[in-house]
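A.B. asks: According to the numbering used here, the sequence shown holds residues 14 to 187 in order. Idealized CB from N, CA, C, for every residue including glycine. Fair warning: this is a prediction, and the values are worked out from it, not measured in the lab.
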Amino acid sequence: MTTKDNISVAKEVLKIEADAVSALINKVDDQFDQAVEAIRNCKGRVIVTGMGKSGLISQKIASTLSSTGTPSLFIHPGEASHGDLGMVTKEDIILAISNSGETYELIQIIPAFKRMGLKIIAMIGRQHSTISGLADMYIDTSVDQEACTLELAPTASTTATLAMGDALAIALLE
């Protein structure tokens, strides 16, 4: 690839990701507001969970929430079903993150959270999915296009989810 090609590719990636974040503005709705208020009224912590790349984004969102004064903890969904659910209390609220909304490990642990009486906020890229159906609130992070043309890695979807997590954390500051 030539330098010109490299620059063109980089600019296209940045445009796709910028468009994905810009599109989120119209997705911030009553569900987002309900999620903010539910977290504000939570007496415990925000338990953030996600698998794969969404798990990495979940860790960053949990860290940002904690840094901005909202007690938060990341729990790996695979570990949750092997003893880590003991870290979750009845005072907590769950933020489940998945682009597909069909992440097996999340679908397996959400019923345990529900049995504890916890509210579930889903930050999902597909509104009509299993996880959004299990959730009490749904924050839409869907994107029209990923920047990776080979569809090997999430790109715009992870950027959009990270940005929505920042929006959530900063809204909680107000």
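#1: With a cut-off of 8 Å on the beta carbons, I'd call S107 and K132 a contact; round off their distance for me.
#2: Are the CB atoms of I110 and T172 nearer to each other than 8 Å?
#3: Quick one: Cα of T188 to Cα of S155, how far?
#4: Taking the alpha-carbon of L185 as reference, which of V101, G65, P84 has the nearest alpha-carbon?
#5: Run the CB neighbour count on P124, radius 10 Å, all protein chains shown included, and call it buried at 16 or more, exposed below.
#6: Flag this pair as touching only if the stretch 143-163 and the stretch 38-45 have three or more C-beta atom pairs under 8 Å; answer yes or no.
#7: State the DSSP-derived secondary structure class of I110, mapped to helix, strand or coil.
#8: For the beta strand (DSSP E) containing L86, name the first residue and the last one.
#9: Indicate the three-state DSSP secondary structure (helix, strand or coil) for G146 in the structure shown.
#10: Answer yes if the stretch 43-51 comes into contact with the stretch 93-103, meaning at least three C-beta pairs across the two stretches below 8 Å, and no otherwise.
#11: Under the DSSP definition of a beta bridge, which residues are partnered with I137?
#12: Going straight from the alpha carbon of I88 to that of T16, what length do you get?
C.D. replies: So, to answer that:
#1: Indexing the sequence shown from 1 puts residue 107 at position 94. Indexing the sequence shown from 1 puts residue 132 at position 119. A quick correction: the sequence has Ile, not Ser, at residue 107. Correct: roughly 7 Å between the Cβ atoms.
#2: Along the sequence shown, read from residue 1 onward, the residue named residue 110 stands at position 97. Along the sequence shown, read from residue 1 onward, the residue named residue 172 stands at position 159. No, they are not a contact pair.
#3: Shown here, the chain extends from 14 to 187; a query on residue 188 therefore has no answer.
#4: Residue 185 sits at position 172 when you count from the first residue of the sequence shown. Of the candidates V101, G65, P84, the one whose C-alpha sits nearest the C-alpha of L185 is P84.
#5: Here residue 124 refers to the residue found at position 111 when the sequence shown is read from its first residue. Burial call: exposed.
#6: yes
#7: Within the sequence shown, numbered from 1, the residue matching residue 110 stands at position 97. Here I110 sits in strand by DSSP.
#8: Indexing the sequence shown from 1 puts residue 86 at position 73. First-last of the beta strand (DSSP E) with L86: 85-87.
#9: Position 133 of the sequence shown, counted from the start, is the residue given in the question as residue 146. Helix, per DSSP.
#10: no
#11: Reading the sequence shown from its first residue, position 124 is the one you call residue 137. DSSP, once it has assigned bridges, lists S111, D153 as partnering I137.
#12: What you label residue 88 is simply residue 75 of the sequence shown in a count that begins at 1. What you label residue 16 is simply residue 3 of the sequence shown in a count that begins at 1. C-alpha separation (whole angstroms): 42 Å.
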